[in-house]
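Numbered as in full-length UniProt numbering, the sequence shown ends at 391 without a single skipped number.
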Amino acid sequence: MSYLESSKSSAKTKYIKQSPSFSFPFTAIQYQDDLKLGLILNLIDPEIRGMLIIGDRGTGKSTTIRALKAILPPIIRAQGDPFNRSPQFCSRQLNLGIINQIANLQNTQANQQDNSQTNYAMMRIARWKLNGFKNLEVKKTPLIDLPLGATEDRICGTINLERAVTSGKRGFEPGLLANTHRGLLYVDEVNLLDDHLVDILLDAAASGSTIVEREGVSVKHPSKFILIGSGNPEEGEIRPQLLDRFGLYTEITTVQDPAQRLQIIEARTDYDKRAECWSHAYAKAESYIKERVIRSRYLLQFVILPNKLRDAASQMCQTLNVDGLRADIVLCRAARALAALQGQKRVTVDHFRRVAQLCLRHRLRKDPLETIDSGSKVDQIFDDHFGQFAD
């Protein structure tokens, strides 16, 4: 019996309780607008296919990514399912009794901050809970760090061959990819990771599934997730093939302005002393961002991309001589996600302008004789192709 089938046998709805933990508030992070925008766009449209962050040591790359936990919407899964699979729809009728159950569960959560956001999220959760599927769990979207030195078995999972031979059942022990399904996987120092492990992660993120084969025994499970990577350019370059597989890209540099540096230092020092106070102080802002992500996911399906702007995007990618068609697809997806984030139903030139560097600068071919940097080149070509459509 599958997890989804067994979920019909009980009328209990369970909310997974987790001990409170604090991380630096996402909305309190300063001078990393491109990084924060890129992460939010991925939450709105996971088909953007992740983000790569390259920057100096100590610039807050990991801090920003781990701060995402506070703004991640919850997910629904069949109770006890190690693969985080969502329940299947069997009708479109909502169970009002389940809505009331979730309302009671949400109201008992510790540190509940904003009722309007909670009620909106509650209704979104209820849409996934239909008649016949009662035994469900509400949990946070997983955000998992890939441990240093992780092996292929730890990432993909292992098959207990002894159990398979003796009992005839596939004794599969899920790995990180199974636990990350419908969530985010963060790989720090991705440029130092073994090439074959990087290929495994990229293939799983692109295909949405993982196949584990051992001695003629095969197991396939879903593993659709957002891959976030970070690295330090001083510790090794990243293969061009790897760069192209990340949807968005940004570079983080050390803040040079003395006043800005002092502001960051004071904020971090105060947070280390009063982490809980900071968490409460920014709770409303974090809830607002979470609500915007939830609403933007819904609005995304209604966002219209004019054909003339789509054509201009493709011509721009052709002029930049990028390989393949990933750049065209990601550029259009990111522009639509940004429009949804801003509550607009039609993509404009400004949306493309804001995401162009995030989508394209890492896909340009390196020319040692060229004096212009990749970001400036993207801006220059953008004006050539989109200038005629400026509002």
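We treat Cβ as the ideally placed atom computed from N, Cα and C, and that holds for glycine.
Here the structure is a predicted model, which is why all the values come from computation and not from measurement.
Anyone know if the C-beta pair for residue i and residue j falls short of 8 Å?
i, j, result
"residue 392", "V212", "What the structure shows of the chain is the stretch from 1 to 391, and residue 392 is not part of that stretch, so it cannot be assessed."
"E266", "P25", "no"
"F246", "M51", "yes"
"L72", "K139", "no"
"V219", "I159", "yes"
"I264", "Q30", "yes"
"E189", "G149", "no"
"R243", "R85", "The displayed chain sequence assigns Leu, not Arg, to residue 243. It is not a contact, given that the beta carbons lie outside the stated cut-off."
"A339", "H385", "no"
"L320", "I48", "no"
"I252", "I53", "yes"
"R297", "I44", "yes"
"L227", "L262", "no"
"L41", "L184", "no"
"S209", "F22", "no"
"R292", "L325", "no"
"V217", "L161", "yes"
Grab the span of the alpha helix (DSSP H) containing residue i for me, first residue to last.
i, result
"F271", "This sequence places Tyr at residue 271; Phe is not what is there. 258 to 273 is the span of the alpha helix (DSSP H), which, as asked, contains Y271."
"G38", "33 to 44"
"I381", "374 to 386"
"E152", "152 to 156"
"K139", "K139 -> not in any alpha helix (DSSP H); beta strand (DSSP E) instead, spanning 136 to 140."
"P174", "P174 -> not in any alpha helix (DSSP H); beta strand (DSSP E) instead, spanning 171 to 174."
"R66", "61 to 66"
In or out: residue i buried (at least 16 other Cβ within 10 Å) or exposed?
i, result
"K308", "exposed"
"F225", "buried"
"A337", "buried"
"N191", "buried"
"K290", "buried"
"S223", "buried"
"A335", "buried"
"Q357", "buried"
"F389", "exposed"
"P233", "exposed"
"E215", "exposed"
"H196", "exposed"
"L143", "buried"
"E137", "buried"
"G343", "exposed"
"T166", "exposed"
"A327", "buried"
"G387", "exposed"
"residue 393", "The structure shown has nothing for residue 393, since the chain only spans 1 to 391."
"T269", "exposed"
"P46", "buried"
"S374", "buried"
Within the continuous beta strand (DSSP E) that includes residue i, where are the two ends?
i, result
"D145", "143 to 145"
"S207", "Where S207 is concerned, there is no enclosing beta strand (DSSP E), although the alpha helix (DSSP H) it sits in stretches over 195 to 207."
"V303", "Per DSSP, V303 belongs to no beta strand (DSSP E) and is neither H nor E."
"L184", "184 to 187"
"residue 394", "This structure cannot settle anything about residue 394, because the visible part of the chain is limited to 1 through 391."
Taking residue i and residue j to be in contact with their CB atoms under 8 Å, please state how far apart those CB atoms are, rounded to whole angstroms.
i, j, result
"P82", "P174", "5 Å"
"G236", "V187", "Wrong, their Cβ atoms sit about 14 Å apart, outside the cutoff."
"L305", "C332", "6 Å"
"V303", "L360", "The pair is not a contact, with the Cβ atoms about 20 Å apart (cut-off 8 Å)."
"L177", "A204", "5 Å"
"Y288", "A28", "In fact, because the Cβ distance is near 13 Å, the residues do not count as touching under 8 Å."
Just checking: is the beta-carbon of residue i within a distance shorter than 8 Å of some beta-carbon in chain B?
i, result
"L338", "As a matter of chain content, chain B is missing from the structure shown, which is built from one protein chain."
>> If contact is defined by three or more beta carbon pairs under 8 Å, each pair taking one atom from either stretch, is the segment 64 to 74 in contact with the segment 27 to 37?
In response: Verdict: yes, contact present.
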